[in-house]
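Numbering (the working numbering), first residue to last: 1 to 485. Here the structure is laid out as structure tokens; the discussion comes afterwards.
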RNA sequence: CGGGGCGUGGCUCAGUCCGGUAGAGCGCUGCGUUCGGGACGCAGAGGUCCCCGGUUCAAAUCCGGGCGCCCCGACCA
């Protein structure tokens, strides 16, 4: 019996665990370019499932996909003051092309507001042209100093929604609606509970009036900003001259939103459900929901076992993403470990004994070590597997919700206690904030924790905090504090 | 961008201090035996020792300069 080098345990070194999982599960690889990663087929399959679900939700809310260029002129980025200030330090700039120095440098998009609105401005004449509801699936580049696979890479894949509306209220509603879409996706597909709310001004998107976000709690008790939705007001409309004519004939600037989620979500998925055995995928986002492992000794057995496996696969195909592991050079046990490490939610074993009894063996990735094998008649298995996957999906979500609840604290008022908590276990802390940026800054300096969001009402405590965690002055808001990725 | 660690077959690493024929385990290929929780035997393939320069009869090893990766921090999705 040989074993690979044991995986680092989450409790030993969470970061090491994370990077090992990414490689060992076949999600991503490093590339020759610093900070840029290669998304491997298995990792990309997860992204495709995410894309497909999100794309459906975007279209169901009236959005259309389009594609805008990778490059924008430097001057376009410069037109919105806060925007350029926020993004200029992070951009990659093309100064030479075609063997010559360019007259005007081209910026590789860090986000696309500055390329989209100058163009779409021409598509909008009257109030009848509104709202404009666009989305694009694209890559963007932000020159990050420290990168980690999926969580922060120099180039990353994302979706960015960009909309224009006739009124401030409509834009605000849109920003809120898409935050809700993100939340639905994160909870229903990723089985990752999130807290929604508004960012404080210091964490706001560069150029936005208001930024809303979904914040999730990872297994190491650090927060992950999983998606953001911005109410841009008329800042970009003014910068890029996006005007329309009202019913009354007046010319007015449109009201914009933008919203995005990225391949970072894959990092969130890993750190929400993964364990010391490896990756663990919620069925709705698992490239293979069920892997069939055939077991045989003799050639005759091999033939009959494969026939049965294929018949089961064919029956399930279309209802379940199923894969038959026909590798000849691995023992069944080695395959079990492999697929567990890669996070496959459900495994089926088919061997000679099962053929005799017209049964199969089913093993759930998330079941406890003992008593995890379920023996089931063929017909029952075929009928039950989709239901089992639904149960597993619900189970991993419950587990994640419970973990978040156990690691969230409310009603904390003592700053010393807070500092101890952030130095120790971490997690979410709901506590008062006076509204002064200086307190936010001081807390960050003292503890590295920041205000993740000012939570929406449904997440707020029953007893609203009366005083600021930091200065003790009367609290203006309840804030969600945590250390973050 | 600062601090620390590390670059040697696909992977994990030994060898570097003290210069002298490039190694192990895993993986890979072939054959045989195995196969219900990480199989075993035999035979084999596979390396610009991160790069450039220097010292030397001779450099993975010493010297100079680059580059890359990982971890921690500041910046950020």
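All residues carry an ideal CB built from backbone N, CA and C; glycine is no exception. Here the structure is a predicted model, which is why all the values come from computation and not from measurement.
In this chain, the beta strand (DSSP E) harbouring residue 430 covers 428 to 433. Secondary structure note for residue 479: its beta strand (DSSP E) is the uninterrupted segment 477 to 482. Look at the beta carbons and you see the segment 319 to 327 not touching the segment 9 to 25: under three pairs across the two are nearer than 8 Å. Of the candidates 207, 285, 118, 285 places its Cα closest to the Cα of residue 45. Contact fails between the segment 430 to 447 and the segment 225 to 238, because fewer than three Cβ pairs, one in each stretch, are under 8 Å apart. Rounded to the nearest angstrom, the gap between the Cα atoms of residue 200 and residue 25 is 37 Å.
Residue pairing of residue 198 in beta bridges, as defined by DSSP: 212, 454. Ranking 252, 261, 80, 402 by CA distance to the CA of residue 180 puts 261 first.
The beta-bridge partner set that DSSP reports for residue 363 consists of 347, 373.
Burial state of residue 178 is buried, judged by a 10 Å Cβ sphere holding 16 or more other Cβ atoms. Looking at the DSSP output, residue 422 bridges to nothing. For residue 176, the enclosing alpha helix (DSSP H) covers residues 168 to 184. Judged by DSSP in its simplified three-state form, residue 33 adopts coil rather than helix or strand. Cβ neighbours of residue 41 within its own chain (closer than 7 Å, five residues either side excluded): none. Runs of the alpha helix (DSSP H) lying entirely within the segment 68 to 142 and spanning at least 4 residues, in chain order: 74 to 77, 81 to 87, 113 to 120. Here residue 292 is actually not in contact with residue 311; their C-beta atoms are around 10 Å apart, not less than 8 Å. The continuous alpha helix (DSSP H) containing residue 382 extends over residues 378 to 406. CA-to-CA, the gap between residue 469 and residue 442 works out to about 11 Å. Taking every protein chain shown into account, the CB of residue 248 has fewer than 16 other CB atoms within 10 angstroms, so this residue is exposed.
In this chain, the beta strand (DSSP E) harbouring residue 158 covers 155 to 165.
Close CB contacts of residue 321 within its chain, under the 6 Å cut and outside five residues either way in sequence, are with 288, 289 (chain order). Relative to the Cα of residue 337, the nearest Cα in the group 365, 482, 357 belongs to 365.
Along the segment 280 to 342, the beta strand (DSSP E) occurs as fully enclosed runs of 3 or more residues at 290 to 294, 322 to 324, listed in sequence order. For the pair of segments examined, the segment 338 to 349 was found to touch the segment 384 to 394: the number of CB pairs separated by less than 8 Å reaches three.
With the rule of 3 Cβ pairs closer than 8 Å, the segment 451 to 461 counts as touching the segment 188 to 203.
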